[in-house]
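Following: one structure in structure tokens, then a few remarks.
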Amino acid sequence: MNKDFLPRLRVAIVVPAKHFFCLAGALWTQRYGPLQVASVTSQAGYFVRLFNEELGLQVSPQELAREFDVVGFSCKSAAITRAEEIAGAVKIEAEKLGRQVVTVLGGEHISVGGDSRFSPFFDYTLRGESEAAFLQLL
Numbered sequence: 017m018n019k020d021f022l023p024r025l026r027v028a029i030v031v032p033a034k035h036f037f038c039l040a041g042a043l044w045t046q047r048y049g050p051l052q053v054a055s056v057t058s059q060a061g062y063f064v065r066l067f068n069e070e071l072g073l074q075v076s077p078q079e080l081a082r083e084f085d086v087v088g089f090s091c092k093s094a095a096i097t098r099a100e101e102i103a104g105a106v107k108i109e110a111e112k113l114g115r116q117v118v119t120v121l122g123g124e125h126i127s128v129g130g131d132s133r134f135s136p137f138f139d140y141t142l143r144g145e146s147e148a149a150f151l152q153l154l
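Mind the numbering: the sequence shown is residues 17 to 154 in our numbering, read in order.
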């Protein structure tokens, strides 16, 4: 099948804000995992947009549900509650629009904690270095 005739998936990568203060969270450093996943996904031909709430940007679940087919979350344990809030709201908004949006959880929380906190808001979870696995999922 010719890839040029297939609709391109629109992918959002979200770094949710932390919901509670922790000393390590006060010392902000750029995390390269979400940047790597976004870069590899873009190079593979997908439309990608990175939303980083750690930089003070608010993510709109309505925009994510309307504009994107896949929403990936990269989060630390301090941000898992916010990731669940956004993913749940995206699912609700997408349903209102008659759409299905696939949600994927990756990052330090799932990589270190494993399945210790199951959430119905994520369709898939990816552990560890996930650039290749994320592309296979798409």
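Even for Gly, the Cβ is constructed at its ideal location relative to N, Cα and C.
Being a predicted model, the structure only gives us computed values, none of them experimental.
- DSSP, reduced to helix, strand and coil, places GLY61 outside both helices and strands of the structure shown, so it counts as coil.
- DSSP places PHE150 within a helical segment (H, G or I) once states are collapsed to three.
- The shortest C-alpha to C-alpha distance from LYS92 to any of ALA148, GLY122 and SER55 is the one to GLY122.
- Within the model, the alpha-carbon separation for ALA28 versus ARG65 is close to 5 Å.
- ILE102 is positioned such that its CB atom lies closer than 9 Å to that of PHE89.
- Secondary structure at VAL27: strand, using DSSP grouped into helix, strand and coil.
- Put simply, of GLU147, ALA94, GLU109 and LEU151 the residue whose alpha carbon is nearest the alpha carbon of PRO50 is GLU147.
- With at least 16 other beta carbons inside 10 angstroms of its own, ILE96 counts as buried.
- Minimum Cα-Cα distance from ARG26 among the listed residues LYS112, GLU111 and GLY61 corresponds to GLY61.
- According to the DSSP assignment, VAL86 belongs to no alpha helix (DSSP H) but to the beta strand (DSSP E) extending over 86-90.
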